[in-house]
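Asks:
Protein chains: 2
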Amino acid sequence: MKFEAITIKDIARALDLSVSTVSKALRDSHEIGEETKQAVLIYAREHNYKPNPIAQSLKKGHSRSIGVIVCNIDNNFFSQVINGIESIAQSKGYNVIITQSRESYEKEVSNSEHLSSRSVDGLIISLSSETKNIDHLKRLYEKGLPIVFFDRITDEIPTHRIIANNFKGAYEATRHLIQQGYRKIAHITSSDSLSTTSERLAGYKQALIDAGISIDERYIKFCLHGGMIREETHEALAELLQLPERPDAIFTASDRLSTTTLSQLRIMQIPIPRDIALVGFTNSISADIFNPSLTSVVQPAMEMGQQATEMLVSLIESRRPVTQFEKRVLETQLQIRDSSQARQSPSP
Amino acid sequence: MKFEAITIKDIARALDLSVSTVSKALRDSHEIGEETKQAVLIYAREHNYKPNPIAQSLKKGHSRSIGVIVCNIDNNFFSQVINGIESIAQSKGYNVIITQSRESYEKEVSNSEHLSSRSVDGLIISLSSETKNIDHLKRLYEKGLPIVFFDRITDEIPTHRIIANNFKGAYEATRHLIQQGYRKIAHITSSDSLSTTSERLAGYKQALIDAGISIDERYIKFCLHGGMIREETHEALAELLQLPERPDAIFTASDRLSTTTLSQLRIMQIPIPRDIALVGFTNSISADIFNPSLTSVVQPAMEMGQQATEMLVSLIESRRPVTQFEKRVLETQLQIRDSSQARQSPSP
DNA sequence: AGGCGTCTCGCAATCGTTTTCGTAAAAAAA
DNA sequence: TTTTTTTACGAAAACGATTGCGAGACGCCT
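Just so you know, the sequences run in chain order A and B. Position 88, counted from 1, in the first sequence is what the numbering used here calls 92; the numbers after and before it change by one each time, with no gaps. Position 216, counted from 1, in the second sequence is what the numbering used here calls 220; the numbers after and before it change by one each time, with no gaps.
See the structure below:
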């Protein structure tokens, strides 16, 4: 199967001009006479000429495309971020290549290399939960590939970063549970290598401390795969429930973790929030129709994607090496629903 | 910022060879002596040489990438399909470029043209709900671009297609509602230009006919934007509720439509299924934790993506023009949950 | 020694576009 | 008229990789 389009050469032949003349006419160069220019333009329009972006990329050394690596698009937070990325990229004439690491370090490495060799002009990435070593990204960075981190970021590479205010989001979520009368608040979170995990964990702890509640490490459960493996969350939850001082509330730190925990609690027929209250860190668009509707810390995902893309494009299009890097922090929003209704019976 | 990688030219210079020799050595040509070959291979490995895919695309006329157009990745069905596409594409050495039409005809046109001009080797597409005219795809098809349709397909282009058994899925969903004791079953569906809409509508009607229930056209509501615009669904629902013979059950025909309808019913404080039962055509991974848990027709989305990709790759890699085209139909699965519990009070 | 084949390798064209530079012819200045 | 400037275009070299073809070098046979 062959896909053949009209090229500059065809126009040149048809109009008895040279390719260089046609190229310049198309780009509206001052070197070309008005008559010739018009002739070329008209011919091009009539024959629906489209410059070959592959050839342009080769010549110009960039592809006007940006690569995106997220752990999973099957997740409201990331798909909303991607929507934001796409909207800005489109408006700036970039095209977006989306890949998924599926929380695997290896896939993240191979994806990043694949993208760079496909000569994307820049990379927007949220680290996988398995990733501890970022040499693969350092290599690309040192070769000059502009990178912007979002959500799960690293401090090891000096570049733009954008995150939600994870500390404050987690702090407010926890404080909310406390205000609702809960005291034994557990925290189910992702891999401890993630920046989001430590920030949210810190916010959770601070809220407890500020309320004079001591921190019980047994109440903190890490799920290395961030809820991608259901059994992992299941186990963490089971351990929590078997504790002598069973928690009366759980604060889950990620999208998938929240839905999985809710689902599991319902399977175990544990009434929410009567036996255990729940607050999630989730952008699920269906949190309002969950049973019970889920109180959630919502991130400005779309905006995060938009701003990440703007920062990346400014990096790509900057004429001189950028040395001043920014770390933007976007505010989260606590949406209060039924899963964190005030505690009924007083604490024993 | 400049991104510089090692090229064949660099290797040639370093080893005092010609570029053609290096190129042939890299491709393990028989024309090149064993010694030279090894020298090149070793040097290439040590310096982490990666052929420039842009240059290869230009030269070879293909890019080993496939384009995907869906209306929205922020949707469990499509993101699952994409997961399927990605898994097969990856294993066959193709890379995937995902774009969203966001149910807009114009975006679908511009995306398809952009993808083809970026010389993807093939296209996997599910039509947008606005799309009535597919000349833009016919143009690409006639130029020789392999295309595979999934989910929302068309008969106007002779090529491979893959869908769920929409008729049967809708039939079973409706029959289930009937068996549960409902008689006044409404249907909220997407744009009537979509193949999925007419197939599911037909299944719905057939189930009613087979049960001896007459079809009331007032019970059938089309949402042109497939639930993307909340007000649209809201209005459809409101009209349904104001009917003299208010329906006692609703069968929604798409992912977003189902969640929006459920959400809206809850806002209106209409008990489900007591006042109105609900069955959705949805792949939501959270249907089990909805309130009430949502009975759903689930499509084998991942498998659909995988098979679509296999069909596309076979089209791309076929040496001779393909003339025999296939229309695969995958079976759906009815997951029964609380939203369709048997009717309590007898029909008036 | 001459003829022939084999083995290695380089030359040059090619993909489609951009860009630098050179150069006719026309126009303006002398 | 001669010289200079401007205008309008073409030739050619890139970008990085691939590939058909030609050509030395060597060995083998007659």
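Quick reminder that beta carbons are idealized off the backbone N, C-alpha and C, glycines included. Note that this is a predicted model, so its numbers are computed, not measured.
Give the residues of chain B in contact with A:Gly80, contact being defined as C-beta atoms less than 9 Å apart.
Replies: Note on residue identity: the sequence assigns Asn, not Gly, to residue 80 of chain A. Here the neighbours are Asp78.
Asks: Closer than 8 Å, Cβ to any Cβ of chain A: which residues of the region 131 to 158 of chain B, in chain order?
Replies: Listed by position, the residues of the region 131 to 158 of chain B near chain A (Cβ gap below 8 Å) are Lys147, Gly148, Leu149, Pro150.
Asks: In chain order, what residues of the same chain have a beta carbon less than 7 Å from the beta carbon of B:Arg234, not counting five sequence neighbours either side?
Replies: These residues qualify, in order along the chain: Thr264.
Asks: Just to confirm before moving on: does the CB-CB distance between B:Ile189 and B:Ile217 stay below 9 Å?
Replies: Cβ atoms of B:Ile189 and B:Ile217: closer than 9 Å.
Asks: Where does B:Arg165 sit, in a helix, a strand or coil, going by DSSP?
Replies: Correct three-state label for B:Arg165: strand.
Asks: If you follow the alpha helix (DSSP H) that B:Val317 is part of, which residue opens it and which one closes it?
Replies: Note, B:Val317: alpha helix (DSSP H), 305 to 321.
Asks: Spatial neighbours of A:Ile280 within its chain, please: CB distance less than 7 Å, with the 5 preceding and 5 following residues excluded, ordered by chain position.
Replies: Same-chain partners within the cutoff: Pro251, Asp252, Ala253, Ile254, Leu269, Ile274.
Asks: How about B:His118: is its C-beta nearer than 9 Å to some C-beta of chain A?
Replies: Chain A, which has a Cβ nearer than 9 Å to the Cβ of B:His118, makes this yes.
Asks: Helix or strand or just coil, what does DSSP make of B:Met5?
Replies: At B:Met5, the pLDDT of 40 sits below 50, so the modelled position is not reliable; the number obtained from the coordinates is stated separately. Reduced to three states, the DSSP call for B:Met5 is coil.
Asks: Do you know whose CA, among A:Thr313, A:Cys227, A:Asp196, A:Arg324, lies nearest A:Asn87's CA?
Replies: With distances taken between Cα atoms, A:Asn87 lies closest to A:Thr313.
Asks: Starting from the beta carbon of A:Leu266, find every residue of chain B whose beta carbon is closer than 7 Å, and list them in chain order.
Replies: Ile293, listed in chain order.
Asks: Please work out which residues of its chain come closer than 8 Å, Cβ to Cβ, to A:Lys142, disregarding the five sequence neighbours upstream and downstream, and give them in chain order.
Replies: Taken in chain order, the residues that qualify are Glu160, Ile161.
Asks: Apart from the five residues just before and just after A:Ile12, which ones in its own chain have a Cβ nearer than 7 Å to its Cβ?
Replies: Taken in chain order, the residues that qualify are Val23, Val26, Ser27.
Asks: Going by DSSP, which residues form a beta bridge with B:Lys331?
Replies: The partner list for B:Lys331 (beta bridge, DSSP) reads B:Arg165.
Asks: List in chain order: all unbroken beta strand (DSSP E) runs of 3+ residues lying wholly within the region 225 to 261 of chain A.
Replies: 253 to 256, all fully within the region 225 to 261 of chain A.
Asks: For the region 92 to 119 of chain A, enumerate the residues whose C-beta is nearer than 7 Å to any C-beta of chain B, in chain order.
Replies: Of all residues in the region 92 to 119 of chain A, Asn99, Ile101, Ile102, Gln104, His118 have a Cβ within less than 7 Å of some Cβ in chain B.
Asks: Take A:Val333 as the anchor and find which of A:Phe226, A:Arg156, A:Asp139 has the nearest alpha-carbon.
Replies: Looking at the Cα atoms, A:Arg156 is the closest of the given residues.
Asks: Would you say the beta carbon of A:Gln210 is closer than 8 Å to some non-hydrogen atom of the ligand FMN?
Replies: Absent from the structure shown: the ligand FMN. Ligands present: none.
Asks: Closest Cβ-Cβ distance between B:Gly62 and chain A: below 9 Å?
Replies: Here residue 62 of chain B is Leu; the residue named in the question, Gly, does not match the sequence. For B:Leu62, the answer is yes, since a Cβ of chain A falls inside 9 Å of its Cβ.
Asks: Under a CB-based cut-off of 9 Å, is B:Gln84 close to chain A?
Replies: Chain A, which has a Cβ nearer than 9 Å to the Cβ of B:Gln84, makes this yes.
Asks: Just how far apart, CA to CA, sit B:Leu316 and A:Leu62?
Replies: If I take the Cα positions, the gap works out to 27 Å.
Asks: Given a cut-off of 9 Å on the beta-carbon distance, is the pair A:Leu261 and A:Thr193 in contact?
Replies: It is a contact, given that the beta carbons lie within the stated cut-off.
Asks: In three-state DSSP terms, what is A:Gln273?
Replies: Reduced to three states, the DSSP call for A:Gln273 is coil.
Asks: In whole angstroms, what is the alpha-carbon distance linking B:His118 and B:Arg323?
Replies: Between B:His118 and B:Arg323, the C-alpha separation is close to 26 Å.
Asks: DSSP three-state call for B:Phe285: helix, strand or coil?
Replies: Note: B:Phe285 maps to coil in three-state DSSP.
Asks: Return the CA-CA distance between B:Glu203 and B:Glu176, expressed in angstroms with no decimal places.
Replies: Roughly 13 Å separates the two Cα atoms.
Asks: May I ask you to verify whether the region 212 to 231 of chain B touches the region 165 to 173 of chain B, counting CB pairs closer than 8 Å and requiring at least 3?
Replies: At 8 Å Cβ cutoff, the stretches do not touch.
Asks: Considering just the uninterrupted stretch of the beta strand (DSSP E) at B:Asn99, what are its terminal residues?
Replies: That run of the beta strand (DSSP E) goes 99 to 104.
Asks: Between A:Ile219, A:Gly207, A:Asn295, which has its C-alpha nearest A:Pro277's C-alpha?
Replies: Ranking the options by Cα distance to A:Pro277, first place goes to A:Asn295.
Asks: Measure the alpha-carbon distance for A:Gln42 versus A:Ser95 and round it to whole angstroms.
Replies: Distance between the alpha carbons of A:Gln42 and A:Ser95 is about 28 Å.
Asks: Just to confirm my understanding: we take B:Leu247, look at its own chain, exclude 5 residues before and 5 after, and list those with CB closer than 7 Å. What are they?
Replies: Closer than 7 Å at the Cβ level, and outside the excluded window around B:Leu247, lie Arg222.
Asks: By DSSP, does A:Leu149 sit in helix, in strand, or in coil?
Replies: Reduced to three states, the DSSP call for A:Leu149 is coil.
Asks: Spatial neighbours of A:Ser199 within its chain, please: CB distance less than 6 Å, with the 5 preceding and 5 following residues excluded, ordered by chain position.
Replies: Correct list, in chain order: Arg156, Ile157.
Asks: In chain B, what lies closer than 9 Å to A:Ser344 by C-beta?
Replies: None at all; the shortest Cβ gap to chain B is about 15 Å.
Asks: Which whole-angstrom value is the C-beta distance of B:Tyr47 and B:Leu19, which I expect to be below 8 Å?
Replies: Contact holds; Cβ gap of about 6 Å.
Asks: For the beta strand (DSSP E) that B:Leu338 lies in, which residues bound it at each end?
Replies: 337 to 339 is the extent of the beta strand (DSSP E) around B:Leu338.
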